[in-house]
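Participant:
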Amino acid sequence: MSKVAYDYIEKYIRELIPENKGALKELEDYAKENSVPIIHKEVANFLEFMISLKKPKKILELGTAIGYSSIFMSLSSKEECEITTIERDDKMIEIAKNNIERYGFKDKIKIIQGDCLEILKNLEDKYDMIFMDAGKGHYNEFLPYCLKLLNKEGIIIADNVLFRGMVANDELVIRRKITIVKRMRKYMNMISDKKNFITSIIPMGDGIAITKRRNEDA
6 MSKVAYDYIE KYIRELIPEN KGALKELEDY AKENSVPIIH KEVANFLEFM ISLKKPKKIL
66 ELGTAIGYSS IFMSLSSKEE CEITTIERDD KMIEIAKNNI ERYGFKDKIK IIQGDCLEIL
126 KNLEDKYDMI FMDAGKGHYN EFLPYCLKLL NKEGIIIADN VLFRGMVAND ELVIRRKITI
186 VKRMRKYMNM ISDKKNFITS IIPMGDGIAI TKRRNEDA
């Protein structure tokens, strides 16, 4: 369990969500068998809800892994939606490309290989939704560039923001994770600036934060 919500609450919520079938179920099984982290079941359900609500035309994802989240988001979009996803790990890119092609998403999902921060600096497109799920210790560095790429009414959804509860409780912090925790706390402070942002932090999965600009004319 995540150490963010009570185990019995997580168990109850996950039991309410129907099991996936087809491509998603196969990817979930692969991730479990190969110890590849993918988004929690309840976080995926939240993404589906937000995509249904916002109806984004363009989504940017930071952190592809095996392609599960990007495929899930594409399936969740009932309208035309282009997804761009960034990944630097060669092995993950190969697996993700195979999955995206195998399940018929080649025309909907584009993978960019490289370091997220460096790629963000050079992107020019505008996005309706940005999903952060890469380098947890770099969210604070990603944010300024993500804001430049975000459409006026766009949203940023960041996963793992409570990081196994460590971000909220010093007693849970593991020595080797101190830097990540400090940087994630910095990110949380940045998006909690009420003058510039409206942010909701939700203790779901490993913690998610959803952020939009307060100034609608930005």
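Everything in the sequence shown is counted per my numbering, starting at 6 for the first residue and increasing by one. Heads up, the beta-carbon is just placed ideally off N, CA and C, and yes, glycines get one too.
1) Does the stretch 51-68 come close enough to the stretch 122-134 that 3 or more CB-CB pairs lie under 8 Å?
2) Quick one: what's got a C-beta closer than 7 Å to ALA28's C-beta in the same chain, skipping five residues either side?
3) Classify GLY170 as helix, strand or coil using the three-state DSSP reduction.
4) When DSSP builds the beta bridges, which residues end up paired with MET137?
5) With a threshold of 8 Å, are at least 3 pairs of Cβ atoms found where one atom belongs to the stretch 91-102 and the other to the stretch 12-27?
6) Between ALA223 and LEU125, what straight-line distance do the alpha-carbon atoms span, to the nearest angstrom?
7) Rounded to whole angstroms, what is the Cα-Cα separation between ALA70 and GLU31?
8) Just to check my reading of the structure: ALA163 and ALA214 have Cβ atoms closer than 8 Å, yes? What is that Cβ distance to the nearest angstrom?
9) Would you call the stretch 75-91 in contact with the stretch 110-117, where contact means no fewer than 3 C-beta pairs closer than 8 Å?
10) For a quick check, are the C-beta atoms of VAL166 and ILE135 less than 8 Å apart?
11) Tell me where the beta strand (DSSP E) around ARG190 begins and ends.
12) Measuring straight from C-alpha to C-alpha, what distance separates ASN127 and GLY170?
13) At what residues does the alpha helix (DSSP H) containing LYS46 begin and finish?
14) Ignore the nearest five residues each way along the sequence and tell me which others in LYS110's own chain have a CB closer than 7 Å to its CB.
15) Leaving out the 5 sequence neighbours to the left and right, which residues in its chain are closer than 8 Å to SER81 when beta-carbon positions are compared?
16) Assign SER74 to one of two classes, buried (16 or more other C-beta atoms within 10 Å of its C-beta) or exposed (fewer than that).
17) Identify whether TYR11 lies in helix, strand or coil by the three-state DSSP scheme.
18) DSSP three-state call for ILE43: helix, strand or coil?
Facilitator: According to the data block:
1) Using a Cβ-Cβ distance cut-off of 8 Å, the stretch 122-134 and the stretch 51-68 are in contact, since at least three pairs of beta carbons, one from each stretch, lie closer than that value.
2) Hits under 7 Å: ILE76 and TYR108.
3) Three-state DSSP puts GLY170 in a helix.
4) DSSP output for MET137 lists LEU67 and ALA163 as bridge partner(s).
5) No: the two stretches stay apart, fewer than three of their Cβ pairs being nearer than 8 Å.
6) At ALA223, the pLDDT of 45 sits below 50, so the modelled position is not reliable; the number obtained from the coordinates is stated separately. Roughly 19 Å between the two C-alpha positions.
7) The alpha-carbon of ALA70 is positioned some 15 Å away from that of GLU31.
8) Confirmed, about 5 Å.
9) Three or more beta-carbon pairs separated by less than 8 Å link the stretch 75-91 to the stretch 110-117, which places the two stretches in contact.
10) It is not a contact, given that the beta carbons lie outside the stated cut-off.
11) That residue, ARG190, is in no beta strand (DSSP E); its alpha helix (DSSP H) goes 183-196.
12) For ASN127 and GLY170, the distance between alpha carbons rounds to 34 Å.
13) From DSSP, the alpha helix (DSSP H) with LYS46 extends over 46-59.
14) One detail in the question is off: residue 110 reads as Phe in this sequence, not Lys. Within the same chain, and ignoring the five residues on either side of PHE110 in sequence, the residues whose Cβ sits closer than 7 Å to its Cβ are ILE76 and SER79.
15) The beta carbon of SER81 sits closer than 8 Å to the beta carbons of LEU52, GLU53, ILE56 and SER57 from its chain, once the five residues preceding and following it are set aside; these are given in chain order.
16) Buried.
17) Note: TYR11 maps to coil in three-state DSSP.
18) Coil, per DSSP.
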